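Peer 1: If you count the sequence shown from 1, position 46 lands on 46 in full-length UniProt numbering, and the numbers rise without skipping.
Glycine included, each C-beta is placed from N, C-alpha and C at the ideal position.
No experiment lies behind these values; they were computed from the predicted model shown.
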Amino acid sequence: MTLAQKIQLSITRHIFLAFFTILTPLFSIWMYKVIINGKELVHGNLTTAYNHISSLVTEQTDLLDALASDPILINKHIPFNYKETLLTPYQNSFDLEVLAITDCKGNIYSKKDGQNRNIYHRDYFQQALKTNQLTMSELLYSNVSKSHVYILCKPLKSNIGMIISSISLDEVSTILNTMLDDSIYNVLINYDGDIISHAYDQNKVHLNIFKKNSFTFDQIDTRKIALDQRVGGYSIDENSALTYSLYTPLKNTPWVLVSKINYNKYLMDEAVVFFISLFIGLFVSGIFAYKLRTNIFSITKPVDNFIEDSRLFRPQSSDDNLINHLNDIMNISRDGMYCSRTHVLNRKYFLLHGNFLMQEHKTRYALLFIDLDNLKQINDNLGHKYGDDVISCFAHQIRNTFDHPDDLIGRYGGDEFIVLTSNFKTTVQLTDKVSQLINQVSGSISNGQHKIDFSTSIGIALNTKANETIITMINHADKAVYQSKREGKACYRFYQDPDILVC
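Given below as structure tokens:
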């Protein structure tokens, strides 16, 4: 395993270890937010259903209150048959299945169903007689509409009878089915916990919500419900699902509205988003790791190749340690492999690695000899600090222009850089990069008193002959850069190709 591979493996391992270390608290935070968001959804869902059902009930109770005080309806001397005719416009206007008047004996006067009936024996009628208050029946079956309804019964102020109307179970069920999320459902219960209406399963009507096989974490205090306070609690239902239920009484009714969320289903829905985000995070981490590995390879490749090349001259024992070998090689050079200011290879290691590449890979190479124009004038007139800054920027532009992993960059002298590249298919591609570098480097620098222009002159040599060495190419490129300076600087020149010159 090469040095680059060891570093790449170590960094990749640490990247993913850090990713999953961060993932653990993020998952906990996500779970907490999901629980809280689910609870907020239940509150919003309950409020929506409460407002709709309250509006439905209030519309009818207000109508019954108004009719119960109507001067004609409470007049003892006007026949009930006539009073009944006065209700027809209201019944049609409010689209009520039942709107009728009764006497104190429970006889109903209504033309819509065409039948004379008596409700004296009904519990809701008896309760209205005793309390002289608006009452509501349990769920009843209507022979008229062949559906289930709730009957509202309001005593007339003169105590000569009742005004009755109906609320359709279908209307209530429609409201209960209006939910903010498919993991939430609504239920109507009475104060004993018996289910009156269920959002999606009417077979559960008459079952007791408190007696179902479930474990409740927060015991519901029904006294709070009686005091018109909204209360809720967590529980595990008969299907081992974590749920949160919120209870609130409905005014003017014997009902309690319950909104419930199934966290197992809600978490499943939210988990899809979470794992998509997780996959994106892993994908981005993978791209980051890949780019980092590529950069590491480009930096350490000269070391690995030099180590491999040195094996030809240094006998290897079976227990020879690669790292110790590297340390020995590094100690050979007093200043290491790289120029500390420009972060490119120094001349020695550029020559070693460049020569190795040209011998191992029989491909077309270009050697660029890049000279920074007017560095001496900058050092003499502005000071070496300015010169060092220009050199650093100059090297940075070279690295950015020739950034392929196989490109080899070195500092040949004080203001001289060399580049060995095979990353081009045609000379046009190569000269485009060279022209780009010339344009980027051209500029000026000033200390407030003196201003000096700087540019770059470049000589290019191609390995047109077999077994051409790196030294030969450098000499050719050096002659070409000398020619470019004679042509006026800030241009490039090919060795032995005077027809290609751009200044």
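With DSSP as the reference, please indicate the residues paired to SER285 in a beta bridge.
Peer 2: In the DSSP output, where bridge partners are listed per residue, SER285 has none listed.
Peer 1: Could you give the residue range of the alpha helix (DSSP H) that holds LYS451?
Peer 2: Counting along the chain, LYS451 falls outside any alpha helix (DSSP H), though it belongs to the beta strand (DSSP E) covering 451-462.
Peer 1: Between the beta-carbon of LEU375 and the beta-carbon of ILE458, is there less than 9 Å?
Peer 2: No, the Cβ-Cβ distance between LEU375 and ILE458 is not below 9 Å.
Peer 1: Compute the Euclidean distance between the alpha carbons of ILE74 and GLU97, then round it to the nearest angstrom.
Peer 2: Using only the alpha carbons, I get a separation of about 23 Å.
Peer 1: Shortest alpha-carbon distance to ILE119 belongs to which of ALA128, TYR482 and ILE108?
Peer 2: The shortest Cα separation from ILE119 among ALA128, TYR482 and ILE108 belongs to ILE108.
Peer 1: Are VAL231 and THR248 touching if we call contact CB-CB under 9 Å?
Peer 2: Cβ atoms of VAL231 and THR248: closer than 9 Å.
Peer 1: Leaving out five residues before and five after ASP170 in sequence, what residues of the same chain have Cβ atoms less than 7 Å from its Cβ?
Peer 2: Same-chain partners within the cutoff: SER147.
Peer 1: How is the beta strand (DSSP E) around GLY410 delimited, first residue to last?
Peer 2: Segment 408-411, the beta strand (DSSP E) holding GLY410.
Peer 1: Quick check on the DSSP output: what are the complete beta strand (DSSP E) runs of length 3 or more inside the UniProt domain "GGDEF" (363-497), in order along the chain?
Peer 2: You should have 366-373, 408-411, 416-421, 443-446, 451-462 and 492-494.
Peer 1: Can you pull the DSSP bridge partners for ASN203?
Peer 2: Answer is none; ASN203 lacks a bridge partner.
Peer 1: CB MET358 to CB LEU345, shorter than 9 Å?
Peer 2: Result no, Cβ atoms of MET358 and LEU345 do not sit closer than 9 Å.
Peer 1: Buried or exposed, going by whether 16 or more other CB atoms sit within 10 Å of the CB of LEU9?
Peer 2: Burial call: exposed.
Peer 1: LEU250 to THR131, Cα distance in whole Å?
Peer 2: About 19 Å.
Peer 1: Could you tell me whether the segment 89-104 touches the segment 157-167, where touching means 3 or more Cβ pairs closer than 8 Å?
Peer 2: Yes, the segment 89-104 touches the segment 157-167.
Peer 1: Would you report the Cα separation of LYS244 and LYS157, rounded to the nearest angstrom?
Peer 2: Contrary to the premise, residue 244 reads as Tyr rather than Lys in this sequence. Rounded to the nearest angstrom, the two C-alpha atoms are 44 Å apart.
Peer 1: DSSP on ALA241, reduced to helix/strand/coil?
Peer 2: DSSP places ALA241 in coil when its eight states are reduced to three.
Peer 1: Hey, out of ILE151, TYR141 and THR469, whose CA is closest to ALA100's CA?
Peer 2: Minimum Cα distance to ALA100 is reached at ILE151.
Peer 1: Identify which residue in GLN126, ILE236 and ILE261 has its Cα closest to the Cα of GLU40.
Peer 2: It is ILE261.
Peer 1: Identify the continuous beta strand (DSSP E) that holds MET358 and give its terminal residues.
Peer 2: Note, MET358: premise wrong, no beta strand (DSSP E); alpha helix (DSSP H) at 347-360.
Peer 1: Does DSSP put LYS6 in a helix, a strand or coil?
Peer 2: LYS6 falls in the helix class under three-state DSSP.
Peer 1: Mapping the DSSP letters down to three states, classify LYS157 as helix, strand or coil.
Peer 2: Three-state result, LYS157: coil.
Peer 1: By a C-beta neighbour count over all protein chains shown, 10 Å radius and 16 as the cutoff for buried, is ASP478 buried or exposed?
Peer 2: ASP478 comes out buried.
Peer 1: Can you tell me which residues form a DSSP beta bridge with SER168?
Peer 2: According to DSSP, which records beta bridges pairwise, SER168 is partnered with VAL149.
Peer 1: Starting from the C-beta of ALA490, find all residues in its chain whose C-beta is less than 8 Å away, skip the five residues before and the five after it, and write them out in chain order.
Peer 2: ASP373, ILE438, SER442, SER455, THR456, SER457 and CYS503, listed in sequence order.
Peer 1: Going by the beta-carbon positions, is the gap between TYR492 and THR431 smaller than 9 Å?
Peer 2: Taking 9 Å as the Cβ cut-off, TYR492 and THR431 qualify as a contacting pair.
Peer 1: Cβ atoms of ILE370 and ILE452: under 9 Å apart, would you say?
Peer 2: Contact: no.
Peer 1: With H, G and I counted as helix, E and B as strand and the rest as coil, what does DSSP make of ILE29?
Peer 2: Helix at ILE29.
Peer 1: Need the endpoints of the alpha helix (DSSP H) that ASN92 sits in, please.
Peer 2: Its alpha helix (DSSP H) spans residues 80-93.
Peer 1: How long is the line joining the alpha carbons of CYS339 and ASP389, rounded to whole angstroms?
Peer 2: Their backbone Cα atoms lie some 14 Å apart in a straight line.
Peer 1: How big is the Cα-Cα spacing for LEU312 and THR469?
Peer 2: Note that LEU312 scores a pLDDT of 48, beneath 50, so its modelled location is shaky; the value from the coordinates is reported in the next line. In a straight line, the C-alpha of LEU312 is about 19 Å away from that of THR469.
Peer 1: Could you check what DSSP says for TYR247 in three-state terms: helix, strand or coil?
Peer 2: Three-state DSSP puts TYR247 in a strand.
Peer 1: For LEU188, report the span of its beta strand (DSSP E) as first-last.
Peer 2: Its beta strand (DSSP E) spans residues 184-189.
Peer 1: Assuming LEU408 and PHE494 make a contact with CB atoms under 8 Å, what is their CB distance in whole Å?
Peer 2: Their Cβ separation, rounded to whole angstroms, is 20 Å, which puts LEU408 and PHE494 out of contact at 8 Å.
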